[in-house]
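Q: Okay, handing you the structure first.
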Amino acid sequence: MIVLKSQREIDAMKKAGEILAACHKEIAKLIQPGITTWEIDQFVEKFLSEHHATPEQKGYKGYEYATCASINDEICHGFPRKTPLNEGDIVTIDMVVNFNGALADSAWSYAVGKVSEETGHLLKVTKEALYKGIEQAVIGNRIGDIGHAIQTYVESEGLSVVRDFIGHGIGAVIHEKPDVPHYGLPGKGPRIKEGMVFTIEPMVNIGMHYTKMDNNGWTARTVDGTYSAQYEHTIAITKDGPLIITDQE
Ligand code: MF3
Ligand code: CO
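Count the sequence shown with the UniProt record's numbering and you get residues 1 to 249, in order.
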């Protein structure tokens, strides 16, 4: 069942999203060679508590950290750790913020110092793919239109879209209906309605789209070792079009 949100619920999620967006903007300033994802995770804990918010991922299905921190060939659900980031790395920081019971979810990939041209292209295309998906998130379209726009664009740039992890409805809990794949056919899937709130979060690989799971049971990485990037926003469907709950502008 897809739960439609009231204006009041969307307003509450927007407040959580504003805190999350502000947190990402601070993380952007911290990212440089030598910093660890452990320190970033600590920073997020402090930032959220100062803003009277809590990290919803911590304790979710036994996950132990405020953030997911996925480095280079890690696609998602990397653990924050004490290994310093190096020049040329990329790192995706993903978090869900709870403010007064309302949730918002956003992941962002960051370049560590100067990255290769190939890696820069990956970041640019992945971010653009997110916005191409958001453009399709309008009343009357179908969920499949979002994935189709993302996949068509990403593949036209010679990159691949991860299939094994998808976007999701979000509300009282992190994962609700609908499923939001970042690939697929136009005109397929549920009709998009006013009041839906869901994430769009394409994970894009330089090489093949296949994933494999680390022994920790959480972290997914590319099978071929190529780098993977991700940008994620939480989106509310309104009469005036998609409202980006986690907008950093
Ligand atoms: N933020 C993730 C998403 O975009 C959810 C991570 S679940 C966790 O769907 F347990 F790993 F935190
Ligand atoms: Co997320």
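Glycine residues also receive a C-beta, built at the ideal position from the N, C-alpha and C atoms.
(1) Using the rule of at least 16 other Cβ atoms within 10 Å of the residue's Cβ for burial, across every protein chain shown, is residue 5 buried or exposed?
(2) Go to residue 168, then tell me how far its beta strand (DSSP E) extends in each direction, as first and last residue.
(3) For residue 32, which residues from the same chain have a beta carbon less than 6 Å from its beta carbon, with the 5 sequence-adjacent residues on both sides left out?
(4) Determine the burial state of residue 262: buried for a count of at least 16 other Cβ atoms within 10 Å of its Cβ, exposed for fewer.
(5) Just to confirm, is the Cβ distance from residue 161 to residue 129 under 9 Å?
(6) Checking 9 Å against the spacing of the C-beta atoms, do residue 69 and residue 105 come in under that value?
(7) For residue 120, which residues in the same chain have their Cβ closer than 8 Å to its Cβ, ignoring the five residues on either side in sequence?
(8) DSSP puts residue 23 in a beta bridge; with which residues?
(9) For the beta strand (DSSP E) containing residue 137, list its first residue and its last residue.
(10) Residue 122: which of 43, 81, 156 and 42 sits nearest, CA to CA?
(11) Can you tell me the Cα-Cα spacing of residue 53 and residue 29, whole angstroms?
(12) Do residue 23 and residue 230 have their C-beta atoms closer together than 9 Å?
(13) In chain order, what residues of the same chain have a beta carbon less than 6 Å from the beta carbon of residue 190, not counting five sequence neighbours either side?
(14) Would residue 66 and residue 45 qualify as a contact pair, given that the criterion is a beta-carbon distance under 9 Å?
(15) Could you give the C-beta distance for residue 182 and residue 133, rounded to a whole number, given that I count them as a contact under 8 Å?
A: Quick answer:
(1) buried
(2) 167 to 169
(3) none
(4) With the chain covering 1 to 249 only, the question about residue 262 has no answer from this structure.
(5) yes
(6) no
(7) 111
(8) Note: residue 23 sits in no beta bridge, so no partner.
(9) Neither: residue 137 is in no beta strand (DSSP E) and is coded neither H nor E.
(10) 156
(11) 21 Å
(12) no
(13) 143 and 178
(14) yes
(15) 7 Å
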